[in-house]
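One structure below.
In our numbering, the protein residues as written are 784 to 982.
What follows is the structure in structure tokens.
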């Protein structure tokens with residue numbers, strides 16, 4: 784039995800391809816691993832604030848010196864981090880916005896990349912503390928960017944996940960979605976096929 788944490792970051796409430804991929808992932812995962820449990824977090828619905836002075840204060844100040852806003856920011860970061868720590872499998876649904884990830888997903892990452900909790904600094908450099916976890920990244924892209932210099936999603940997410948010790952990562956890209964019906968169908972079909980193989 785595994786616990787799966789799903790993080791969605793599409794700004795769209797309807798017609799989201801990345802949300803559709805999440806639904807397909809969950810259905811396949813439940814069919815193949817019926818004892819798995821899930822935590823679902825939609826960052827468009829349950830928004831996470833961007834990194835600010837309150838969060839930094841919550842991390843860095845002693846509890847008795849924190850303001851109410853700093854304590855609230857720390858509690859939020861603790862909740863998100865605890866969800867990640869409890870997960871065996873992480874699923875990130877990340878539509879491509881302006882060649883990168885949504886800012887909401889970046890805000891979530893800023894809350895959970897925490898020195899001494901999800902990584903630590905050592906004499907030989909940083910060391911991730913989340914080894915043994917599996918990750919899937921489900922992307923939706925209007926154009927075709929895999930392997931090109933314009934793809935700032937996959938390299939960044941591979942780096943940031945590896946930084947916290949998650950190296951077993953599968954990327955499933957639905958590409959060409961805005962290039963016409965033929966490209967869209969091909970992109971969706973290829974993504975669904977790769978998703979079925981990966982689970």
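For every residue, glycine included, the Cβ atom is placed at its ideal position computed from N, Cα and C. Since the structure is predicted, the reported quantities are computational estimates derived from the model, not experimental observations.
Take residue i and list the residues in its own chain whose beta-carbon comes closer than 6 Å to its own, dropping the five residues that flank it on each side.
i, result
"residue 863", "894 and 895"
"residue 919", "874 and 953"
"residue 872", "785, 787 and 917"
"residue 927", "958 and 959"
"residue 981", "953"
Within a Cβ cutoff of 8 Å, which residues of the same chain sit near residue i, ignoring the five residues on either side of it in sequence?
i, result
"residue 831", "859, 863, 887, 890, 891 and 894"
"residue 834", "890, 893 and 894"
Taking Cβ to Cβ, would you say residue i is nearer than 9 Å to residue j?
i, j, result
"residue 804", "residue 940", "no"
"residue 975", "residue 807", "yes"
"residue 925", "residue 978", "no"
"residue 983", "residue 855", "The question about residue 983 has no answer here: the residues shown for the chain are numbered 784 through 982."
"residue 867", "residue 913", "yes"
"residue 956", "residue 931", "no"
"residue 848", "residue 857", "no"
Please check the pair residue i and residue j, which I expect to be a contact at CB under 8 Å, by giving their CB distance rounded to whole angstroms.
i, j, result
"residue 811", "residue 878", "Rounded, the Cβ-Cβ distance is 20 Å, inconsistent with contact."
Among residues of its own chain, excluding the 5 on either side of residue i, which ones have a beta-carbon nearer than 7 Å to its beta-carbon?
i, result
"residue 869", "786"
"residue 936", "877, 879, 883, 884 and 922"
Sufficient close CB pairs (3 or more, under 8 Å) joining the segment 790-810 to the segment 822-830
Flag = yes, the segment 790-810 and the segment 822-830 touch.
Along the chain, which unbroken stretches of the beta strand (DSSP E) at least 3 residues long are found entirely within the segment 818-860?
820-825
Check whether the segment 799-818 and the segment 969-980 touch, using three or more Cβ-Cβ pairs below 8 Å as the test.
yes
Contact between the segment 902-918 and the segment 931-947 is defined here as three or more beta-carbon pairs at a separation below 8 Å; is this criterion met?
yes
Which runs of the beta strand (DSSP E) at least 3 residues long sit entirely within the segment 886-957? Give them in chain order.
902-905, 908-911, 917-923 and 951-957
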